[in-house]
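Note that my numbering gives residue 271 to position 261 of the sequence shown, counting from 1, and the numbers run on in steps of one.
Note that CB positions come from ideal geometry on N, CA and C, so glycine has one too.
Here the structure comes first, spelled out in structure tokens, and everything after it is commentary.
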Amino acid sequence: MSAYHRPENLEDALASLGARPHRILAGGTDVYPADAAAIGWGKPGIDHPDALPILDVSALDALSGIRRFPDRVEIGALVTWTEVIESDLPAWFDGVRLAAREVGGRQIQNRGTLAGNLCNASPAADGVPALLVLDAHVRLQRRGGSRELPLVRNKTVPRPSAALAGGRPRQRTPLEGFITGNRRTRLRPDELMTAIVIPSPAADARSTFLKLGARRYLVISIAMVAACLELKEGRIRDARLAVGACSEVAQRLTGLEARLQGVPAAKAPDMVRDEDFTSLSPIDDVRASASYRRHGAQVLVRRALDALTCSEEAGRRGLDAPGRSEEAERQGPDAPGGPEDTGCRAPGEPAHPEDAERQAPDAPARSEGAGRQALGAPARSEGAGR
Numbered sequence: 011m012s013a014y015h016r017p018e019n020l021e022d023a024l025a026s027l028g029a030r031p032h033r034i035l036a037g038g039t040d041v042y043p044a045d046a047a048a049i050g051w052g053k054p055g056i057d058h059p060d061a062l063p064i065l066d067v068s069a070l071d072a073l074s075g076i077r078r079f080p081d082r083v084e085i086g087a088l089v090t091w092t093e094v095i096e097s098d099l100p101a102w103f104d105g106v107r108l109a110a111r112e113v114g115g116r117q118i119q120n121r122g123t124l125a126g127n128l129c130n131a132s133p134a135a136d137g138v139p140a141l142l143v144l145d146a147h148v149r150l151q152r153r154g155g156s157r158e159l160p161l162v163r164n165k166t167v168p169r170p171s172a173a174l175a176g177g178r179p180r181q182r183t184p185l186e187g188f189i190t191g192n193r194r195t196r197l198r199p200d201e202l203m204t205a206i207v208i209p210s211p212a213a214d215a216r217s218t219f220l221k222l223g224a225r226r227y228l229v230i231s232i233a234m235v236a237a238c239l240e241l242k243e244g245r246i247r248d249a250r251l252a253v254g255a256c257s258e259v260a261q262r263l264t265g266l267e268a269r270l271q272g273v274p275a276a277k278a279p280d281m282v283r284d285e286d287f288t289s290l291s292p293i294d295d296v297r298a299s300a301s302y303r304r305h306g307a308q309v310l311v312r313r314a315l316d317a318l319t320c321s322e323e324a325g326r327r328g329l330d331a332p333g334r335s336e337e338a339e340r341q342g343p344d345a346p347g348g349p350e351d352t353g354c355r356a357p358g359e360p361a362h363p364e365d366a367e368r369q370a371p372d373a374p375a376r377s378e379g380a381g382r383q384a385l386g387a388p389a390r391s392e393g394a395g396r
């Protein structure tokens with residue numbers, strides 16, 4: 011059996027990685043299913059004598075918690091999807107919360123981590139588009155230093171912070187992204203992801219996340235879209251849009267983002283064009299054809315824009331304002347994403363129906379919530395986290 015280490019401080023963990031490569035274990039929601047699949051296909055598993063030793067980082071307090079600073083938010087590498095859902099961050103974080111609700115069932119959300127979702131680097135990783143529209147970076151640490159990388163290669167991504175590490179500025183590579191392809195990243199053998207760093211958006215920024223799958227829950231994405239908008243006096247001041255599961259790495263729609271600048275909010279869904287999606291490279295597989303994925307992404311982008319801009323309209327006209335644009339209504343109930351994907355809601359209203367249950371004073375503890383998941387349900391979704 012391969013060696014197993016569970017250090018209790020970050021320094022010991024980095025020393026182990028510096029000595030030899032390890033397989034990192036946090037939530038285990040990707041490691042163990044992948045191990046079972048390997049054994050099922052007759053390949054060596056994690057308990058094989060020649061397998062990499064396991065480095066269990068679950069006891070590292072330094073990687074826990076969500077920390078807020080004046081210019082940024084830092085999400086520790088051990089923060090779970092459940093902690094994200096229950097976080098009290100502002101409306102600009104709603105897209106990440108909504109993505110977290112789409113990852114597996116309650117058991118997976120209680121164990122899987124955002125950092126593991128990024129390190130697994132599946133094209134269908136739900137966390138990537140939602141973090142991408144927030145210009146998130148990842149912090150990678152090794153003995154003697156650290157560096158921060160944007161999630162993907164993107165010339166428009168700004169630096170997340172000017173924090174110091176050991177008295178020296180952290181190294182940054184502004185053009186090279188952390189995720190480079192299908193299950194490929196720039197994580198070096200001696201490095202550990204310690205945090206996800208999000209520069210603080212404008213106070214009035216709002217975000218959302220929409221996912222298209224073969225069913226409502228416990229499903230790998232056919233297409234998914236995240237959007238973050240800043241509005242001022244009824245016009246779009248800043249727009250960030252990302253599409254996932256339609257290429258090896260999630261992509262920002264930079265052309266559409268630029269064209270939306272200064273546009274009246276109500277007209278945003280009508281600005282979406284076919285050519286905005288030419289950079290995507292969707293595949294044909296058992297879940298959907300490439301053309302359906304591309305069409306689904308386009309519909310979801312319109313609905314995301316509709317949802318965010320109608321929220322602004324609702325604030326001015328009252329909460330009984332229509333929740334969907336005429337374009338969304340024309341798509342019909344059978345269109346990708348379903349009729350529940352858009353709609354205005356009051357500030358502070360849960361971004362997902364089940365969040366109301368989580369927020370109720372008499373809501374069951376996490377373990378009871380996890381028990382609600384049907385015993386016969388699939389145990390994970392793609393890229394839930396290590």
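- For residue 122, the number of other beta carbons within 10 angstroms of its own is at least 16, and it is reported as buried.
- Residue 271 carries a coil assignment under DSSP once its states are collapsed to helix, strand and coil.
- In this structure, residue 142 and residue 135 do not form a Cβ contact; the two beta carbons are roughly 11 angstroms apart against a cut-off of 8 angstroms.
- Separation of the CB atoms of residue 139 and residue 236 is rounded to 4 angstroms, and the pair is thereby assigned contact status at 8 angstroms.
- Your pair residue 87 and residue 162 does not check out as a contact, with CB atoms roughly 19 angstroms apart and the cut at 8 angstroms.
- Here the alpha carbon of residue 59 sits roughly 25 angstroms from the alpha carbon of residue 69.
- Judged by DSSP secondary structure, residue 235 falls within the beta strand (DSSP E) whose first and last residues are 233 to 242.
- Taking C-beta atoms as the reference points, residue 131 and residue 193 count as a pair closer than 7 angstroms.
- Under the three-pair Cβ rule at 8 angstroms, the stretch 74 to 88 does not count as touching the stretch 43 to 54.
- In the DSSP assignment, residue 148 falls outside any alpha helix (DSSP H) and within the unbroken beta strand (DSSP E) covering 147 to 152.
- Going by beta carbons, residue 28 and residue 149 fall outside the 7 angstroms limit.
- Per DSSP, residue 207 is one residue of the beta strand (DSSP E) stretching across 202 to 209.
- Secondary structure remark: continuous alpha helix (DSSP H) runs of at least 4 residues inside the stretch 277 to 302: none found.
- With respect to the 7 angstroms criterion, residue 245 and residue 211 are not classified as neighbours on the basis of their beta carbons.
- DSSP, read as helix, strand or coil, puts residue 103 in helix.
- Cα atoms of residue 251 and residue 292: separation of roughly 17 angstroms, rounded to the nearest angstrom.
- The three-state reading of DSSP puts residue 139 in helix, counting H, G and I together.
- For residue 249, the enclosing beta strand (DSSP E) begins and ends at 245 to 254.
- Residue 267 counts as buried, since no fewer than 16 other beta carbons sit within 10 angstroms of its beta carbon.
- Residue 281 and residue 32 have their C-alpha atoms spaced approximately 48 angstroms apart.
- Residue ranges of uninterrupted alpha helix (DSSP H) with 4 or more members, entirely inside the stretch 43 to 110 and ordered along the chain, are 91 to 95.
- Pairing residue 217 with residue 270, the inter-Cα distance amounts to about 15 angstroms.
- Straight across, the Cα-Cα distance linking residue 107 with residue 95 is about 5 angstroms.
- Non-local beta-carbon contacts of residue 247 in its own chain, meaning distances under 7 angstroms to residues more than five positions away in sequence, involve 240 and 241 in chain order.
- Within the same chain, and ignoring the five residues on either side of residue 201 in sequence, the residues whose Cβ sits closer than 6 angstroms to its Cβ are 150 and 152.
- Look at residue 156 here: in three-state DSSP terms it is strand.
- Here the alpha carbons of residue 221 and residue 234 stand approximately 4 angstroms from one another.
- Secondary structure at residue 34: strand, using DSSP grouped into helix, strand and coil.
- In the DSSP secondary-structure assignment, residue 123 is bridged to 90.
- Here the alpha carbon of residue 219 sits roughly 29 angstroms from the alpha carbon of residue 34.
- When only Cα atoms are considered, residue 83 and residue 315 end up about 25 angstroms apart.
- In the three-state reduction of the DSSP assignment, residue 198 falls in the coil class.
- Less than 7 angstroms separates the beta-carbon of residue 231 from that of residue 255.
- Residue 224 and residue 297 do touch by the CB rule: their CB atoms are close to 6 angstroms apart, below 8 angstroms.
- When the beta-carbon positions are compared, residue 54 and residue 13 stay at least 7 angstroms from each other.
- In the structure shown, the three-state DSSP call for residue 216 is strand.
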